[in-house]
Amino acid sequence: MPAKYTFFTPLELKPMGWLRRQLRLQADGLCGNLDRVWPDVRDSAWFGGEREGWERAPYWLDGFVPMAYLLEDEELIARANRCIDQILERQQPDGWICPVPPEQRRGYDLWAVLLIGKVLTHCYSCTRDERIPGALYRMMKNLHGQLRDGTVSLTRWGAYRWYEGFVALRLLRERGAEAWMDDLARLLAGGGMDYRRVEALWERPLNKWTFDTHIVNLCEMLRCEPLTCDMLGQEDRGLAEHFYRRLREFNGTAVGTFTGDECLSGISPTQGTELCAVVELMDSMEQLYAYTGNRVWAERLERVAFNALPAALTEDMWAHQYVQMVNQIDCTPFPGKSYFRTNNSEAHRYGLEPHFGCCTANFGQGWPKLALSAFLRAPDGVLGALPLPSRLCTEWKGTPVRITLTTDYPFRNHMHYRVEADGDTDMRLHVRIPSFARNLRVNGWDHGRRGELVRNGFRQGVTELEIDFDVDTVLETRPHGLRCLRRGSLVFSLPVEAECTRVEYVKHGVERKYPYCDYDYRGISDWNLAFAGREFRVEECGVSDIPFSQSHPPLRIHANLCHINWGLADGYETVCAPVPLSRRPLDAPTDRLLIPYGCARLRMTELPLV
Ligand SMILES: [Zn+2]
């Protein structure tokens, strides 16, 4: 079954407005400078150095390269191309591309082979560098031969992420199918993990580290079906929907992610979610929406992207958390035993590489890939998939068409599409309308239809389309009798004021120094509050240069809250109890301001309603 929609390249689709500013922050922050400040990328074995030669440099390139091309930044593009050159130049005559000598191939975890294949395929969509398909052909054919003769084998991470190899294989097959490609696809599928065998383990936390409940494996696994059905000629059995619902039922959070620190941690607002899981979940949902055309995936994606992603990074995007908590009242390392099930005591600190460095390298793919999901190519034209400010330059049956979407969505619910066609065209423009939209208006007229707007064809010249809708502010029910405040795709939190301290030091030869230092966020304001009513007043402020700014949030919501006796987690001074001790109001309600979850570094999101 082929995909319903396909992706445009960074050569055709560019971010604008707040999304471009967000990408610029990323380019000026850690992702845009990682090859200058972080040894595992700067001195990576992939580039001829002595440091990590497995997943870290490929992870970083997966975000850095599309970011450079989306921003059309010549300096970043030059650095991206130099990195790609260095990888391609080190490919061995037999096709092997990873930076380990022949005698170490046997024990090498093939995850890196699958990953670099995916990353180089994405690089090709940016650069159209014709060396890349050739390198991928030699690399994948070499993998096929070595898997066949037993030189290498699919174990550990490679066995759990086997389908990622299909990204490169799909490109190669489009350019000329050969029998070994199908055989390699069958070898990977046959040797890789079948997640139906382990799904029963997801229903309660195991309190130990396993591949079967590893949060990043599971977030990546959701895209297994879209990748494999096409490659193996199978029918879509709806496995992603089944897995997603099961994960959400037992581990879901208020912002659309699953708890995992770093294995599934159950339903709790105080367990963590790893940042790698956030960006990999987004990638899976982007692919699932494009593949199935089912808009529930787009709405789930918005919920993760507009809340969990910005929340895990500082406003300047130089520091990030390994894990974020939905109710997070303090982000300083635990003095004793870690609160997390398998992570160390600093996994929730904002820093350069808290806990592990995978997220340091990997988080950069989040915003660029989201930007590349704004418009999708449909069989009969173009789909406005995510209402993100963007400009698409494409053509339809030979007629150049440019579509510009001006909007501050999700902070405002107004979209201005400007379609400029160089000739009359029968290109259709579909626009996805979120299910929570009310009073839909198109060019000022009431419009009854929900789900999707379709415009059939465009005359030569400029056509403009103004779309407006209203969104309700609602208290959503969460487990344990808690509630969270939602407005469209944005979740709102009570911000907890923090005393923020820079922490500079050197550990294992890796320097933390401003702006790539760690930060301690010590909570200093009250957080033991409950919703005291269902009346909310929305205040719209402008979207600032930092879209997810705590001091200048684009939206604020006035809510009546009162204090309750909440209590602390057993044995921890800096973690609130997962569920409040009492829900009895201790005082009269007062007006408090809630801000978007993504703007609040310390926050309370799930509160009871008294
Ligand atoms: Zn990670």
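Residues in the sequence shown are numbered from 407 upward in steps of one, following the numbering used here. Using N, Cα and C, we set each Cβ at its ideal position, and we do this for glycine too. Since this is a predicted model, take the numbers as computed values, not measurements.
Residue i, buried or exposed, once every other Cβ within 10 Å from all chains shown has been counted against 16
{"i": "ARG581", "result": "exposed"}
{"i": "SER365", "result": "Residue 365 lies beyond the stretch modelled for the chain, which goes from 407 to 1016, so this question has no answer here."}
{"i": "GLY596", "result": "exposed"}
{"i": "ASN768", "result": "buried"}
{"i": "MET587", "result": "buried"}
{"i": "ALA660", "result": "buried"}
{"i": "ILE930", "result": "exposed"}
{"i": "ARG706", "result": "buried"}
{"i": "GLY469", "result": "buried"}
{"i": "THR907", "result": "exposed"}
{"i": "ASN613", "result": "exposed"}
{"i": "GLN510", "result": "exposed"}
{"i": "CYS947", "result": "exposed"}
{"i": "ASP589", "result": "exposed"}
{"i": "TYR911", "result": "exposed"}
{"i": "GLU570", "result": "buried"}
{"i": "GLY850", "result": "exposed"}
Member of the options whose CA lies at the smallest distance from the CA of residue i
{"i": "MET599", "options": "GLY423, PRO611, PHE617", "result": "PHE617"}
{"i": "GLN771", "options": "ARG430, ALA904, CYS437", "result": "CYS437"}
{"i": "GLU801", "options": "ILE970, VAL471, LEU835", "result": "LEU835"}
{"i": "MET397", "options": "PRO445, ARG643, ARG797, TRP773", "result": "As shown, the chain starts at 407 and ends at 1016. That puts residue 397 outside it, with no answer to give."}
{"i": "LEU715", "options": "GLU946, HIS914, GLN432, ALA409", "result": "GLN432"}
{"i": "THR412", "options": "TYR1003, LEU687, LEU633", "result": "LEU633"}
{"i": "GLY639", "options": "SER690, VAL710, ALA409", "result": "ALA409"}
{"i": "VAL710", "options": "LEU593, VAL684, ASP722", "result": "VAL684"}
{"i": "HIS648", "options": "TYR601, GLU481, CYS682", "result": "TYR601"}
{"i": "ILE490", "options": "ARG537, ILE963, PRO508", "result": "ARG537"}
{"i": "LEU594", "options": "TYR815, LEU891, LEU628, VAL558", "result": "VAL558"}
{"i": "PHE746", "options": "ARG990, GLY501, ASP976", "result": "ASP976"}
{"i": "ALA583", "options": "MET546, ARG884, PRO445", "result": "MET546"}
{"i": "ASN845", "options": "ARG643, PRO421, PHE875, GLY915", "result": "PHE875"}
{"i": "ARG358", "options": "ARG824, LEU520, PRO885, LEU516", "result": "Residue 358 lies beyond the residue range present for the chain, which begins at 407 and ends at 1016; the question has no answer from this structure."}
{"i": "GLN552", "options": "LEU521, GLY513, LYS524, ILE522", "result": "GLY513"}
{"i": "LEU871", "options": "VAL877, GLU882, LEU859", "result": "LEU859"}
{"i": "CYS982", "options": "GLY564, TYR1003, VAL902", "result": "VAL902"}
{"i": "LYS775", "options": "ARG457, ARG442, LEU477, ARG448", "result": "LEU477"}
{"i": "ILE952", "options": "TRP444, LEU719, LYS913", "result": "LEU719"}
{"i": "ARG818", "options": "CYS682, LEU794, LEU891, TYR925", "result": "LEU794"}
{"i": "GLN734", "options": "ALA904, LEU645, GLY939", "result": "ALA904"}
Per DSSP, the bridge partner or partners of residue i
{"i": "CYS890", "result": "GLU882"}
{"i": "GLU917", "result": "VAL912"}
{"i": "VAL966", "result": "Just to set this straight, residue 966 is Asn in the shown sequence, not Val. Looking at the DSSP assignment, ASN966 forms a beta bridge with ASP997."}
{"i": "ILE809", "result": "LEU798, VAL825"}
{"i": "CYS906", "result": "TYR927"}
{"i": "ARG838", "result": "GLU858"}
{"i": "ASP852", "result": "ARG847"}
{"i": "GLN730", "result": "THR679"}
{"i": "PRO1002", "result": "PHE898"}
{"i": "SER751", "result": "SER751 is not bridged to any residue."}
Sequence-distant residues of its chain with Cβ nearer than 7 Å to residue i (five each side left out)
{"i": "PRO505", "result": "ALA451, TRP452, GLY459, ARG496"}
{"i": "ASN749", "result": "ASP667, GLU668, GLY678, TYR728, VAL729, HIS761"}
{"i": "GLU605", "result": "PHE649, ARG652"}
{"i": "ALA591", "result": "PHE572, LEU575, MET637, LEU638"}
Below-9 Å beta-carbon distance, residue i vs any chain C residue
{"i": "ARG457", "result": "Considering every chain present, this structure includes no chain C. It has just one protein chain."}
Closer than 8 Å: residue i CB and nearest ligand 1 heavy atom
{"i": "CYS890", "result": "no"}
{"i": "TYR728", "result": "yes"}
{"i": "PHE762", "result": "yes"}
{"i": "CYS765", "result": "yes"}
{"i": "GLU680", "result": "yes"}
{"i": "ASN768", "result": "yes"}
{"i": "VAL622", "result": "yes"}
Close-in-space but distant-in-sequence residues of the same chain around residue i (CB under 8 Å, 5 per side omitted)
{"i": "TYR475", "result": "PRO416, LEU417, ILE483, ALA486, CYS532, THR533"}
{"i": "VAL672", "result": "As written in the sequence, residue 672 is Gly, which differs from the Val given in the question. Taken in chain order, the residues that qualify are ARG610, PRO611, PHE656, ASN657, THR665."}
{"i": "TRP608", "result": "THR619, LEU624, ARG652, LEU653, PHE656, ASN657, LEU670"}
{"i": "LEU888", "result": "PRO675, VAL985, GLU1012, LEU1013, PRO1014"}
{"i": "MET691", "result": "LEU628, TRP703, ALA704, ARG706, LEU707, VAL710"}
{"i": "TYR978", "result": "PHE740, TYR745"}
Same chain, Cβ closer than 6 Å to residue i, five either side skipped, listed in chain order
{"i": "GLN866", "result": "ALA827, GLY829, ASP830"}
{"i": "ASN808", "result": "According to the sequence as given, residue 808 is Arg; it is not Asn. Result list for ARG808: CYS799, GLU826, in chain order."}
{"i": "VAL471", "result": "ALA486, CYS529, CYS532"}
{"i": "THR527", "result": "VAL573, ALA574, LEU577"}
{"i": "TYR465", "result": "ALA767, ASN768"}
{"i": "ASP722", "result": "GLY435"}
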